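Numbering (the UniProt record's numbering), first residue to last: 1 to 343. For each residue, glycine too, the CB sits at the ideal point set by N, CA and C. Quantities reported herein were computed from a predicted structural model and do not represent experimental measurements. The structure appears right after this line, and notes come after that.
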Amino acid sequence: MRLFLIRHGETVDNVAGLYAGSRDSQLTNHGFQQAGRLGQHFRDTDVRLTHIFASPLQRARITAERIRDAQPGAASQAANKASLPITSSPLLKEQDFGFYEGKAFFERPHGSNKTGKQDHLDKHKDEPGFVDVESKDSMAERMDTFLREHILGLWQSDGESQEHVVAVVSHGIILSVLWRRILRHLPRKSVSLVPELMSSQPVSLEHLGGFSNTGFLELVMARGKDSDSADPALKPSLKPDDTKAAQENVETLTDSVPEDSTDARLLPQSPEAVPAQYAERIVPAPEVENVANILRNWTTTICVINGKEHLRNFKRTGGGVGSSAYNEGQKTIESFFKRRKVD
Numbered sequence: 001m002r003l004f005l006i007r008h009g010e011t012v013d014n015v016a017g018l019y020a021g022s023r024d025s026q027l028t029n030h031g032f033q034q035a036g037r038l039g040q041h042f043r044d045t046d047v048r049l050t051h052i053f054a055s056p057l058q059r060a061r062i063t064a065e066r067i068r069d070a071q072p073g074a075a076s077q078a079a080n081k082a083s084l085p086i087t088s089s090p091l092l093k094e095q096d097f098g099f100y101e102g103k104a105f106f107e108r109p110h111g112s113n114k115t116g117k118q119d120h121l122d123k124h125k126d127e128p129g130f131v132d133v134e135s136k137d138s139m140a141e142r143m144d145t146f147l148r149e150h151i152l153g154l155w156q157s158d159g160e161s162q163e164h165v166v167a168v169v170s171h172g173i174i175l176s177v178l179w180r181r182i183l184r185h186l187p188r189k190s191v192s193l194v195p196e197l198m199s200s201q202p203v204s205l206e207h208l209g210g211f212s213n214t215g216f217l218e219l220v221m222a223r224g225k226d227s228d229s230a231d232p233a234l235k236p237s238l239k240p241d242d243t244k245a246a247q248e249n250v251e252t253l254t255d256s257v258p259e260d261s262t263d264a265r266l267l268p269q270s271p272e273a274v275p276a277q278y279a280e281r282i283v284p285a286p287e288v289e290n291v292a293n294i295l296r297n298w299t300t301t302i303c304v305i306n307g308k309e310h311l312r313n314f315k316r317t318g319g320g321v322g323s324s325a326y327n328e329g330q331k332t333i334e335s336f337f338k339r340r341k342v343d
């Protein structure tokens, strides 16, 4: 299986520096073009997707559609829609920022050790109607449920008739959680990195770094002989970098685009903060143990971390146009030229 974890294109809230988790922030025109370039990159590199899963929030949905519409092998976008449907799952929504949704990032108070968010939380947590940020436990449970409902069956059937090539189009924080949940179910010493990544900068498997807008993580997963150990790659008594491939590279890979990323570790957390819209979908942890059983003899190779090759030499349209909200009703430059060619 080839698995791509993909963050959506740039949004108006990214540009404005606002928290947007459950908030349905629009893509900018620049973000729309980023998604198109990623779709073309996959087409040019012969990435032929067999499954696409996406968050229902428009920034992820439209990004997924742009990727799907660029896929080879179909005479039209309509044919692509029929042959490669996008499976929308609310489980893939971003972390719910609760009270902070739509609010600006808060700066650290002068002369204080608190983060800006923590300072703001202390001032407002007792206000009527205050809703805390979704907890790490809630996000982990959501991702386990997503794996069980949508990916487990693909792992079981992979290679029977064809290789599955899967794209998951979602959001930066929740994609990092998804990767860590996958890692937790993988056997020890079963994860490696391609030589290009090993020779670049130190990598921690548990914290691969942030996702830029339309940045992606590419994994190649394959069945192999029984692993030396059926233990998962991560568990509380093990260091997150305890694999042969990463033993000498234990520092965390940092995101080079800080304006595009939000560090979940700095957000206020409370274990009881589980949004109501997810409560009925959460699966108890014992049921998810089946994932580890399925993957007990698999190997995983990390091929690309925060892939941005498709954005090389890509410039934002000036005059404020690139940062403006994308309107789904507007014509793209591609459709304009296609129409002119027919005329």
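Please report the distance separating the alpha-carbon of residue i from that of residue j.
i, j, result
"valine 12", "leucine 27", "6 angstroms"
"valine 15", "leucine 92", "22 angstroms"
"tryptophan 298", "leucine 152", "13 angstroms"
"histidine 185", "threonine 317", "43 angstroms"
"tyrosine 19", "lysine 117", "11 angstroms"
"leucine 57", "serine 22", "8 angstroms"
"lysine 81", "aspartate 96", "30 angstroms"
"valine 291", "leucine 147", "8 angstroms"
"proline 258", "asparagine 29", "Because proline 258 carries a pLDDT of 32, less than 50, the predicted location of this residue cannot be relied on, and the following value inherits that uncertainty. Between proline 258 and asparagine 29, the C-alpha separation is close to 20 angstroms."
"serine 25", "serine 55", "12 angstroms"
"serine 199", "alanine 222", "23 angstroms"
"proline 187", "glutamine 330", "48 angstroms"
"histidine 171", "serine 161", "31 angstroms"
"valine 191", "cysteine 303", "11 angstroms"
"methionine 1", "threonine 50", "10 angstroms"
"threonine 45", "phenylalanine 53", "20 angstroms"
"valine 133", "alanine 325", "26 angstroms"
"proline 128", "leucine 205", "41 angstroms"
"glycine 224", "histidine 164", "16 angstroms"
"leucine 208", "isoleucine 174", "13 angstroms"
"glutamate 272", "lysine 308", "Here glutamate 272 scores only 43 on pLDDT, less than 50, and its place in the model is too uncertain to base an answer on."
"aspartate 99", "phenylalanine 106", "Residue identity differs from the one stated: residue 99 is phenylalanine in this sequence, not aspartate. C-alpha separation (whole angstroms): 13 angstroms."
Quick test of your reading: residue i and residue j, contact by CB under 8 angstroms. State the CB separation rounded to the nearest angstrom.
i, j, result
"histidine 120", "histidine 310", "Going by Cβ atoms, the distance from histidine 120 to histidine 310 rounds to 36 angstroms, so no, they are not a contact pair."
"glycine 9", "threonine 300", "Actually they do not touch by this definition, with Cβ atoms about 27 angstroms apart."
"alanine 140", "valine 177", "6 angstroms"
"arginine 66", "glycine 17", "Not quite, the Cβ-Cβ distance comes to about 25 angstroms (not below 8 angstroms), so this is no contact."
"serine 88", "arginine 61", "7 angstroms"
Determine the burial state of residue i: buried for a count of at least 16 other Cβ atoms within 10 Å of its Cβ, exposed for fewer.
i, result
"valine 169", "buried"
"histidine 124", "exposed"
"arginine 312", "exposed"
"phenylalanine 4", "buried"
"alanine 104", "exposed"
"proline 72", "exposed"
"residue 412", "Given that the chain is displayed from residue 1 to residue 343, the structure contains no residue 412 and the question cannot be resolved."
"lysine 136", "buried"
"aspartate 122", "exposed"
"alanine 285", "In this predicted model, alanine 285 has a pLDDT of only 45, less than 50, meaning its place in the structure is not dependable; the value taken from the coordinates is given anyway. Exposed, because fewer than 16 other Cβ atoms sit within 10 Å of the Cβ of alanine 285."
"asparagine 113", "exposed"
"lysine 315", "exposed"
"phenylalanine 130", "exposed"
"serine 83", "exposed"
"glutamate 94", "buried"
"glutamine 156", "exposed"
"glycine 39", "buried"
"glutamine 34", "buried"
Original post:
Taking the runs of the beta strand (DSSP E) that are 3 residues or longer, which of them lie wholly in the region 6-81?
Top reply: Qualifying beta strand (DSSP E) stretches, in chain order: 51-54.
Original post:
Unbroken alpha helix (DSSP H) runs of length 4 or more, entirely within the region 133-199: which are they?
Top reply: Those alpha helix (DSSP H) runs which fall completely within the region 133-199 and span 4+ residues are 136-146, 152-157, 172-185, 195-198.
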